[in-house]
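K.L.:
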Amino acid sequence: MIKKIAIFGSTGSIGTQSLEVLRTFPDKFEVVALSALQNAELLEKQATNCRSQLGPLDKKTINSLIAPADYVINAVPGFEGLLVSLQTVKAGKVLLAANKESLAIAGRHLCMIAKKTGAQIRPLDSEASAIWQLIFDHGRENVASATLTCSGGPFFGKKSEDLKFVTAKDALAHPTWQMGPKVSIDSATLINKILEAYEVSNLFDIPITKIQIVIHRQSVVHSMIHTYSGATKMHITQCDMRLPISYALNYPEQPSCPWQIKRTRKSELSFDTPDAETFRPIKWFAMHKGNPIFPIALNALNDIAVSRFLSGKIGFLDIYDFIENGLQKWLYTQPPNTLEEIISLHHRIQHSRLEGVRSSDYQNREANATGGSNLL
Ligand SMILES: NC(=O)c1ccc[n+]([C@@H]2O[C@H](COP(=O)([O-])OP(=O)(O)OC[C@H]3O[C@@H](n4cnc5c(N)ncnc54)[C@H](OP(=O)(O)O)[C@@H]3O)[C@@H](O)[C@H]2O)c1
């Protein structure tokens, strides 16, 4: 039977690649609804034969696009994607989640709701998809721990001193993946990898303390599992988001791949420890991974910091300073138990930090006038 598909964020990197994959399986899938934030021109071109929605999303709009669909692709970046994930699992549909933020901060709650409603959650993120595929092949009960690989991003090998004056344009130039701005900056700071660690932990019930991150410059091993019997199993493919998108759409079938696949013939596969002094999120992860507030506070603070960096208001290292200051304030407050409490904590953190930013902007202007520091 043809599966009906809704795509939230259809005009972005994942959205357009999803449409490309869907077009290669016309007998299996039909696109019934699309959404975008502001790219009216592309959305109109994409939505020749289905309903579409331009602008910010609310519950009513999301539900109206989900209603005719069997599968929902969530390719909206940031916290805004949580409402799409939530409404999809509440409706008992199949969620194909590219939005890692919702799975990182609320994945366990989304999985619990999915269990009740009969919904399924399938990851599109390449690392989470790699773990999913390895678990499918080798069995969850055999997995003792997991390793996520990280290309190192555009600033691999640099030290803090070198990162003082890098711009958003430098940070957006990812060596291996063409992605939207938010996830590109997260890849440059390595916060992306921390979010993925929580995404994988929540989706596959692997304790966060059993997930480690390694630098793998060749970007062909997308993740690994380590079995109780002492083996390490790796998932190796070329860097191409169409592969995990196609896997999630066709699961559990595995049709032969319609694209030309460049077989990996790397003579060397290297795995190195990330530089936690320069890329501070690795240090925060090591220190705070067991604290349930950490992923929520990190994500909330990071959303603000990335948008300020992209608009040129702060420098690259200020992203780290901004988050570090916020973490100090929030990490030792009351941990949230419910999804509502997670959402409320996110808003409280953002609200308080935005207030802080406004006053610090003022202080910065004052400091600049007297030749002082421009740090937050
Ligand atoms: N790109 C990748 O290779 C990749 C890989 C793994 C995971 N992911 C994850 O997938 C998600 C999407 O990433 P992306 O790279 O595809 O992002 P992107 O290229 O920036 O595209 C974002 C899409 O969402 C829409 N959108 C943005 N903000 C929105 C909002 N507040 N409300 C409703 N729609 C909104 C955009 O519409 P407009 O075009 O109209 O602005 C666009 O269609 C992220 O969570 C990311 O971490 C991406």
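Residue 961 in my numbering sits at position 259 of the sequence shown, with consecutive numbering throughout. Think of the CB as a built atom: it goes at the ideal place given N, C-alpha and C, for glycine as much as any other residue. Remember, it's a predicted structure, so these values are computed and weren't measured experimentally.
In the stretch 885-937, which residue ranges form an unbroken beta strand (DSSP E) of at least 3 residues, counting only runs that do not cross its ends?
P.N.:
Taking only runs of at least 3 residues, the beta strand (DSSP E) segments lying wholly in the stretch 885-937 are 913-917, 923-929.
K.L.:
For S972, count the other beta carbons within 10 Å of its own beta carbon; 16 or more makes it buried, fewer makes it exposed. Which is it?
P.N.:
Exposed.
K.L.:
Could you pull out every residue in the same chain whose Cβ sits closer than 7 Å to the Cβ of T763, ignoring the five residues on either side in sequence?
P.N.:
Within the same chain, T763 has close Cβ partners Q755.
K.L.:
Would you kindly check if the distance between the Cβ of D864 and the Cβ of I917 is under 8 Å?
P.N.:
It is not a contact, given that the beta carbons lie outside the stated cut-off.
K.L.:
For E829, I'd like the list of residues in its chain whose CB is within less than 6 Å of its CB, leaving aside the five on either flank, ordered along the chain.
P.N.:
Closer than 6 Å at Cβ, skipping near neighbours: L850, E898, H924, S925.
K.L.:
Pick helix, strand or coil for E955, following the three-state DSSP scheme.
P.N.:
Residue state, collapsed to three classes: coil.
K.L.:
Give me, in chain order, the residues of the same chain whose beta-carbon lies closer than 6 Å to that of P1083; leave out the 5 immediate sequence neighbours on both sides.
P.N.:
Nothing about residue 1083 can be reported from this structure: the residues present for the chain run from 703 to 1078 only.
K.L.:
Buried or exposed: S1061, going by 16 or more other Cβ atoms within 10 Å of its Cβ?
P.N.:
With a pLDDT of 41 at S1061, under the threshold of 50, the predicted position of this residue should be treated as unreliable, and no value is reported.
K.L.:
Comparing the CB of Q740 with every heavy atom of ligand 1, is any distance shorter than 7 Å?
P.N.:
Yes - ligand 1 has a heavy atom lying nearer than 7 Å to the Cβ of Q740.
K.L.:
When burial is assigned at 16 or more other CB atoms within 10 Å of the CB, is T934 buried or exposed?
P.N.:
That one is exposed.
K.L.:
Between which two residues does the alpha helix (DSSP H) containing I1006 stretch?
P.N.:
Per DSSP, I1006 belongs to the alpha helix (DSSP H) from 995-1012.
K.L.:
Comparing C-alpha positions only, which one of D977, G714, A950, L1012 sits nearest to P779?
P.N.:
The residue with the shortest Cα to Cα distance from P779 is G714.
K.L.:
By DSSP, does N776 sit in helix, in strand, or in coil?
P.N.:
Here N776 sits in strand by DSSP.
K.L.:
Within the present structure, is the beta-carbon of K802 separated from the nearest heavy atom of ligand 1 by less than 7 Å?
P.N.:
Under cutoff, so the answer is yes.
K.L.:
Quick check: is any heavy atom of ligand 1 less than 7 Å from the C-beta of P1037?
P.N.:
No.
K.L.:
Looking only at C-alpha atoms, which of T726, R725, L759 sits nearest to Q740?
P.N.:
Minimum Cα distance to Q740 is reached at L759.
K.L.:
Going along the chain, which residues of its own chain have a beta-carbon closer than 6 Å to the beta-carbon of F1018, five neighbours each way excluded?
P.N.:
Excluding positions up to five away in sequence, the list reads L865, V868.
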